[in-house]
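Number 194 marks the last residue of the sequence shown (the numbering used here); no jumps.
Every residue gets a Cβ at the ideal spot worked out from N, C-alpha and C, and that includes glycine.
Bear in mind that the values here come from a model prediction, so they are computed numbers and not experimental data.
Please read the structure below before turning to the comments.
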Amino acid sequence: MQQQSIQQINLAYDQQQDRLLMKAAVSQAQEIRVWLTYRIARQMFKVLNREAHLPVSALALGNASPLPAAQSPTEATRQFEEEADAVHQLEDLDFSTAYQQRPSAVSEQELLVVDTRFVSINDQLNHMQLVCANGMNVNMSLNHQLVLAISRMLMVASQDAGWTLPAHQDKEPEAVSSIVMQVPTEKQVLH
Numbered sequence: 004m005q006q007q008s009i010q011q012i013n014l015a016y017d018q019q020q021d022r023l024l025m026k027a028a029v030s031q032a033q034e035i036r037v038w039l040t041y042r043i044a045r046q047m048f049k050v051l052n053r054e055a056h057l058p059v060s061a062l063a064l065g066n067a068s069p070l071p072a073a074q075s076p077t078e079a080t081r082q083f084e085e086e087a088d089a090v091h092q093l094e095d096l097d098f099s100t101a102y103q104q105r106p107s108a109v110s111e112q113e114l115l116v117v118d119t120r121f122v123s124i125n126d127q128l129n130h131m132q133l134v135c136a137n138g139m140n141v142n143m144s145l146n147h148q149l150v151l152a153i154s155r156m157l158m159v160a161s162q163d164a165g166w167t168l169p170a171h172q173d174k175e176p177e178a179v180s181s182i183v184m185q186v187p188t189e190k191q192v193l194h
């Protein structure tokens, strides 16, 4: 399949399936539909919100999650500024327009995501791959707005589902594959 850009994205909890259904419109006529389990939603949120910096409320953390350890005043101020900036950037995104269902889907049935992989370039999240049970992969190029939007939608849909999301952690989650690449910023000379 050729590369297409996301025109509209939707994430909603399906109580009967006990999963989140993510729909991404890639053209006026076609969309991609993928099921996200609780485990996958948590994996995605851990990585995406590390980049998005959305504040995670105690409600989203659930009762079983420990509160974050005490931080230095400098670290707490930096985290507050990042979270305030992220909340401010949410105002530029459109969460009020209803999702326009497309007449056809890329695959006949919804795809079940079984693993997630991320690529970071120069400490910036650049790519997300959703590995599906049937052997197909959904590859998404990420920009900051898309990371912010998906993080927010995961928070809202998980709250609707009664699921708890992980708090921000500096440690890389073990169950998520990641590739970190450093691209030199200085001019390269090839001989």
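Which one or two residues does DSSP pair with arginine 36 in a beta bridge?
-> As a position in the sequence shown, residue 36 is number 33, starting the count at 1. Lys26, per the DSSP bridge assignment.
According to DSSP, what are the bridge partners of aspartate 17?
-> Position 14 of the sequence shown, counted from the first residue, corresponds to residue 17. Arg22.
DSSP puts histidine 130 in a beta bridge; with which residues?
-> Working through the sequence shown from its first residue, we reach residue 130 at position 127. Val122, Ser144, per the DSSP bridge assignment.
State whether the region 36 to 43 contacts the region 110 to 120, with contact taken as three or more CB pairs (one from each stretch) at a distance under 8 angstroms.
-> yes
Report yes if the C-beta distance between alanine 55 and leucine 168 is below 8 angstroms; otherwise report no.
-> As a working mapping, residue 55 is identified with position 52 in the sequence shown. As a working mapping, residue 168 is identified with position 165 in the sequence shown. It is not a contact, given that the beta carbons lie outside the stated cut-off.
Check the DSSP bridge columns for alanine 108 and list the partner residues they point to.
-> Here residue 108 corresponds to residue number 105 of the sequence shown, with the count starting at 1. Answer is Glu34, bridged to alanine 108.
Please classify glutamine 103: is it buried, with 16 or more other beta-carbons within 10 angstroms of its beta-carbon, or exposed?
-> Position 100 of the sequence shown, counting from 1, holds the residue named residue 103. With fewer than 16 Cβ atoms within 10 Å of its Cβ, glutamine 103 is classed as exposed.
Excluding the five sequence neighbours on either side, which residues of its own chain have a C-beta within less than 7 angstroms of the C-beta of proline 69, listed in chain order?
-> Residue mapping note: residue 69 aligns to position 66 of the sequence shown, counting from 1. Here proline 69 scores only 47 on pLDDT, less than 50, and its place in the model should not be relied on; the value that follows carries that caveat. Cβ neighbours of proline 69 beyond the five flanking positions: none.
Return the CA-CA distance between leucine 23 and methionine 156, expressed in angstroms with no decimal places.
-> The residue labelled residue 23 in the question sits at position 20 within the sequence shown. The residue labelled residue 156 in the question sits at position 153 within the sequence shown. Using only the alpha carbons, I get a separation of about 10 angstroms.
Through-space distance from glycine 165 to glutamine 18, alpha-carbon basis | Sequence index remark: in the sequence shown, residue 18 carries index 15 (1-based). Sequence index remark: in the sequence shown, residue 165 carries index 162 (1-based). Straight across, the Cα-Cα distance linking glutamine 18 with glycine 165 is about 10 angstroms.
Hey, serine 161 and alanine 44: beta-carbon distance below 8 angstroms or not?
-> As a first step, residue 161 is located in the sequence shown; it is residue number 158 there, counting from the start. As a first step, residue 44 is located in the sequence shown; it is residue number 41 there, counting from the start. Judged by their CB atoms, serine 161 and alanine 44 are nearer to each other than the 8 angstroms cut-off.
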